[in-house]
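This report concerns only the one structure given below.
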Amino acid sequence: MTKGIWVFVEHRENLIKKVVFETLSEARKIADQIEDELCAVLVGKSDDSMVESLSEYGVDKIYLAENDVLKTFTTDGYTNVMSDLIKRYEPRALLIGCTIYGRDLAAQVAQRLATGLLTDCTGIEVIDSQLVFTRPIYAGKATVKASCKTSPVIATIRPNTFAAVQNKKDPKIVKTVTDCGNIRQVVIDAVRQVSQRPELTEANVVVTGGRGIKGPENFKLLEELADVLGGAVGASRASVDAGWAPHSMQVGQTGKTVSPTLYIACGVSGAIQHFAGMSSSKCIFAINNDPEANIFKIADYGIVGDLFEVVPLLTEEFKKLKTSS
Amino acid sequence: MKIIVLAKQTFDTEAKLKLDNNGRIDGQGVKLILNPYDEFAVEEGLRIKEKTNGEVTVISVDQEQNKDALIQAVAMGADEAVMVVPGDVELDEYSTATILAKVISKMEYDIILGGFRAIDDGSCQVAGRVAESLNIPVVNMITEIKIENDEVQATRDIEGGSEVIEVKLPAVFTAQKGLNEPRYPSMKGIMKARKKPVKIIRLGELGLAEDQIAARVKPVSYTLAELRMAGTVIQDEPAKAVSQAVKLILEKVKVVI
Numbered sequence: 001m002t003k004g005i006w007v008f009v010e011h012r013e014n015l016i017k018k019v020v021f022e023t024l025s026e027a028r029k030i031a032d033q034i035e036d037e038l039c040a041v042l043v044g045k046s047d048d049s050m051v052e053s054l055s056e057y058g059v060d061k062i063y064l065a066e067n068d069v070l071k072t073f074t075t076d077g078y079t080n081v082m083s084d085l086i087k088r089y090e091p092r093a094l095l096i097g098c099t100i101y102g103r104d105l106a107a108q109v110a111q112r113l114a115t116g117l118l119t120d121c122t123g124i125e126v127i128d129s130q131l132v133f134t135r136p137i138y139a140g141k142a143t144v145k146a147s148c149k150t151s152p153v154i155a156t157i158r159p160n161t162f163a164a165v166q167n168k169k170d171p172k173i174v175k176t177v178t179d180c181g182n183i184r185q186v187v188i189d190a191v192r193q194v195s196q197r198p199e200l201t202e203a204n205v206v207v208t209g210g211r212g213i214k215g216p217e218n219f220k221l222l223e224e225l226a227d228v229l230g231g232a233v234g235a236s237r238a239s240v241d242a243g244w245a246p247h248s249m250q251v252g253q254t255g256k257t258v259s260p261t262l263y264i265a266c267g268v269s270g271a272i273q274h275f276a277g278m279s280s281s282k283c284i285f286a287i288n289n290d291p292e293a294n295i296f297k298i299a300d301y302g303i304v305g306d307l308f309e310v311v312p313l314l315t316e317e318f319k320k321l322k323t324s325s
Numbered sequence: 001m002k003i004i005v006l007a008k009q010t011f012d013t014e015a016k017l018k019l020d021n022n023g024r025i026d027g028q029g030v031k032l033i034l035n036p037y038d039e040f041a042v043e044e045g046l047r048i049k050e051k052t053n054g055e056v057t058v059i060s061v062d063q064e065q066n067k068d069a070l071i072q073a074v075a076m077g078a079d080e081a082v083m084v085v086p087g088d089v090e091l092d093e094y095s096t097a098t099i100l101a102k103v104i105s106k107m108e109y110d111i112i113l114g115g116f117r118a119i120d121d122g123s124c125q126v127a128g129r130v131a132e133s134l135n136i137p138v139v140n141m142i143t144e145i146k147i148e149n150d151e152v153q154a155t156r157d158i159e160g161g162s163e164v165i166e167v168k169l170p171a172v173f174t175a176q177k178g179l180n181e182p183r184y185p186s187m188k189g190i191m192k193a194r195k196k197p198v199k200i201i202r203l204g205e206l207g208l209a210e211d212q213i214a215a216r217v218k219p220v221s222y223t224l225a226e227l228r229m230a231g232t233v234i235q236d237e238p239a240k241a242v243s244q245a246v247k248l249i250l251e252k253v254k255v256v257i
């Protein structure tokens, strides 16, 4: 009996977030394993390009819950609609990208439905016909595998963990009407920095400046390197506390958790609290003028040297490869 | 104004983890601290208390021996500390939130504050779930809060920026780093806190049915993360070292240039 594995489609200005495609790709494998249906749930505003994008990722069905009021995310509006849809269609699982809005939505829906929620998951598998989720705990020092006794199981999926794999299908479109209910949060202002660089939590390359960067103006060096690699720029707590970078750039236990393919730590000492935010990086490369710096104990590659000399050389080297390829 | 703060104790970050005989994380001898994000919540609660001549109650669901976090909050200036002791019952975030909501529903409150996440489980769920059970709105990850009678304007993080959200009290707000700088407890505060008993409520006293609080999530297994080993430090003059590093990096991982 199919029940459906649902993936919530977070979008903004007609663009679907990358983590949705990553989640759909992984969920497709699970759906095949247990012979269930993979469904995307698009709330608020849909258009042909969004439906087209979703059908590239192995979706069997797309639920469209269009509502002008829900064009932008509010905790209440989206919670009301998602809870309503789940009560109506009774899916087996609801997967949500672990973004800021995703976390908001997941907790509210889970409590309304009196069900379990696994946050920031880095793995999904099927064991004895049960969905089992892997998630990091204790700042990544351990992982736990857990399942949920009630239905649906709700899980938020860590961005940049699964590969987005294209798989064209012709999904069934189900248009549904939902009541967005009473929305108590009123968004009266929003400020977004427009940046060509990727969001830290979604970036494949992150270049971080630590205490060794010595001042806000020196981040320019890191930005040049990041731009050659199409990456994002981060900061350690030391840089943020010194006022050289805003908290939004902080990577670490009280900052963001990133999982890039390549993490370049420049002048970062490598305190355990920093490691907590980047431990799942596939390759860590460190530059520090202190050979005893803790970062060298966890980095795959390191150069002991002056970052003001090494970083520009790195930028040049990557640029050379870029033009020669 | 009556302020409630949700707080908990977490493992100190430096704590080395090991598994016990049951394959669970061993809590024996581990240094515990007040969850840093809850500290922001306590501090904000105290600031609101000072502005409104109000009262701060800190509440936690935990075993009785884990009172230190609550005592620290009282030492900072909180008026009351309440601990709900679950005993042998297995809890998850759903259970904890349901229990907290039950206790809070019997109290007078205007505003509820919590940390947006705990550094041990990183779950980011309980405060939001409490709001849902109490049927009041929640605003997560706030970096600023302005209260005018029962109208609140809270600035909260969003990807690449911030939003200002308006809600009416009562409501739940979770603290993000940057909301404030928590005060250190004064010596006087610490002495006072040591003398003031933490109010203990045993789970059985709440009249919640077993299935109402039963954990929905079941841990299957715990694994300690493999220690990341020290790699290669490339010794050479900078230009050559960089050249070698880039070669090694591109052999190890695929980076689109």
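Protein chains in written order, with the working numbering: chain R, 1 to 325; chain D, 1 to 257.
C-beta: ideal position from N, C-alpha, C; glycine also.
Given a cut-off of 8 Å on the beta-carbon distance, is the pair residue i and residue j in contact?
{"i": "Ala27(R)", "j": "Val7(R)", "result": "yes"}
{"i": "Ile59(D)", "j": "Leu134(D)", "result": "no"}
{"i": "Leu224(D)", "j": "Ala276(R)", "result": "no"}
{"i": "Gly44(R)", "j": "Asn67(R)", "result": "yes"}
{"i": "Ile165(D)", "j": "Ala175(D)", "result": "no"}
{"i": "Ala97(D)", "j": "Arg47(D)", "result": "no"}
{"i": "Val205(R)", "j": "Leu229(R)", "result": "yes"}
{"i": "Cys98(R)", "j": "Pro152(R)", "result": "no"}
{"i": "Leu313(R)", "j": "Pro36(D)", "result": "no"}
{"i": "Asp92(D)", "j": "Val217(D)", "result": "yes"}
{"i": "Cys266(R)", "j": "Val253(D)", "result": "no"}
{"i": "Glu80(D)", "j": "Thr57(D)", "result": "yes"}
{"i": "Asp84(R)", "j": "Asp179(R)", "result": "yes"}
{"i": "Lys196(D)", "j": "Val74(D)", "result": "yes"}
{"i": "Val126(D)", "j": "Ile201(D)", "result": "no"}
{"i": "Lys264(D)", "j": "Asp38(D)", "result": "Within the shown structure, residues of chain D are numbered from 1 to 257, placing residue 264(D) beyond reach of any answer."}
{"i": "Thr13(D)", "j": "Gln253(R)", "result": "yes"}
{"i": "Pro182(D)", "j": "Val42(D)", "result": "yes"}
{"i": "Pro198(R)", "j": "Ser55(R)", "result": "no"}
{"i": "Lys256(R)", "j": "Leu307(R)", "result": "no"}
In whole angstroms, what is the alpha-carbon distance linking residue i and residue j?
{"i": "Lys18(D)", "j": "Arg135(R)", "result": "17 Å"}
{"i": "Asp88(D)", "j": "Ile119(D)", "result": "24 Å"}
{"i": "Tyr138(R)", "j": "Val268(R)", "result": "21 Å"}
{"i": "Gly4(R)", "j": "Tyr89(R)", "result": "9 Å"}
{"i": "Leu321(R)", "j": "Met249(R)", "result": "28 Å"}
{"i": "Ala219(R)", "j": "Arg228(D)", "result": "Correcting the residue identity first, residue 219(R) is Phe in this sequence and not Ala. If I take the Cα positions, the gap works out to 27 Å."}
{"i": "Ala235(R)", "j": "Trp244(R)", "result": "9 Å"}
{"i": "Glu316(R)", "j": "Glu202(R)", "result": "25 Å"}
{"i": "Ile71(D)", "j": "Gly231(R)", "result": "44 Å"}
{"i": "Ser195(R)", "j": "Glu159(D)", "result": "11 Å"}
{"i": "Ile136(D)", "j": "Ile142(D)", "result": "17 Å"}
{"i": "Tyr78(R)", "j": "Gln212(D)", "result": "25 Å"}
{"i": "Pro246(R)", "j": "Ile190(D)", "result": "34 Å"}
{"i": "Phe326(R)", "j": "Glu125(R)", "result": "This structure cannot settle anything about residue 326(R), because the visible part of chain R is limited to 1 through 325."}
{"i": "Ile183(R)", "j": "Phe73(R)", "result": "11 Å"}
{"i": "Leu131(R)", "j": "Cys148(R)", "result": "8 Å"}
Assuming residue i and residue j are in contact, meaning their beta carbons sit under 8 Å apart, how far apart are those beta carbons, in whole angstroms?
{"i": "Gly207(D)", "j": "Val191(R)", "result": "With a Cβ gap of about 46 Å, Gly207(D) and Val191(R) do not count as contacting."}
{"i": "Met278(R)", "j": "Tyr263(R)", "result": "5 Å"}
{"i": "Ser46(R)", "j": "Leu64(R)", "result": "5 Å"}
{"i": "Thr157(R)", "j": "Cys121(R)", "result": "Rather than Thr, the amino acid found at residue 157(R) in this sequence is Ile. That belief holds up - the Cβ atoms of Ile157(R) and Cys121(R) are roughly 5 Å apart, short of 8 Å."}
{"i": "Leu15(R)", "j": "Leu38(R)", "result": "Between Leu38(R) and Leu15(R) the Cβ distance is about 21 Å, and since that is not below 8 Å, they are no contact."}
{"i": "Gln185(R)", "j": "Val139(D)", "result": "6 Å"}
{"i": "Thr115(R)", "j": "Ile173(R)", "result": "So it is not a contact: roughly 27 Å between Cβ atoms."}
{"i": "Gln111(R)", "j": "Tyr222(D)", "result": "Gln111(R) to Tyr222(D), Cβ: 25 Å. No contact."}
For residue i, does the count of other Cβ atoms within 10 angstroms reach 16, so buried, or fall short, so exposed?
{"i": "Asn149(D)", "result": "exposed"}
{"i": "Gly29(D)", "result": "exposed"}
{"i": "Arg92(R)", "result": "buried"}
{"i": "Ile259(D)", "result": "Because residue 259(D) is not part of the residues shown, which for chain D are 1 to 257, the question remains open."}
{"i": "Gly270(R)", "result": "buried"}
{"i": "Ala163(R)", "result": "exposed"}
{"i": "Gln65(D)", "result": "exposed"}
{"i": "Lys168(D)", "result": "exposed"}
{"i": "Asn22(D)", "result": "exposed"}
{"i": "Met76(D)", "result": "buried"}
{"i": "Ile188(R)", "result": "exposed"}
{"i": "Lys175(R)", "result": "exposed"}
{"i": "Leu127(R)", "result": "Residue identity check: residue 127(R) is Ile in the sequence provided, not Leu. Exposed: under 16 other Cβ atoms inside 10 Å."}
Got a sec: does the ligand MN put a non-hydrogen atom nearer than 7 Å to the Cβ of residue i?
{"i": "Leu131(R)", "result": "Absent from the structure shown: the ligand MN. Ligands present: none."}
To be precise: take each residue of the region 145-158 of chain R, compare its Cβ to all Cβ atoms of chain D, and keep it if any distance is under 7 Å. Which residues remain?
Under the 7 Å Cβ criterion, the region 145-158 of chain R contributes Lys145, Ala146, Ser147, Cys148, Lys149, Thr150.
Proximal residues, the region 121-142 of chain D versus chain R, C-beta separation under 7 Å:
Asp121, Gly122, Ser123, Cys124, Gln125, Gly128, Arg129, Glu132, Ser133, Pro137, Val138, Val139, Asn140, Met141
Just by C-beta distance, which residues in the region 44-69 of chain R are closer than 7 Å to chain D?
From the region 44-69 of chain R, no residue has a Cβ closer than 7 Å to chain D.
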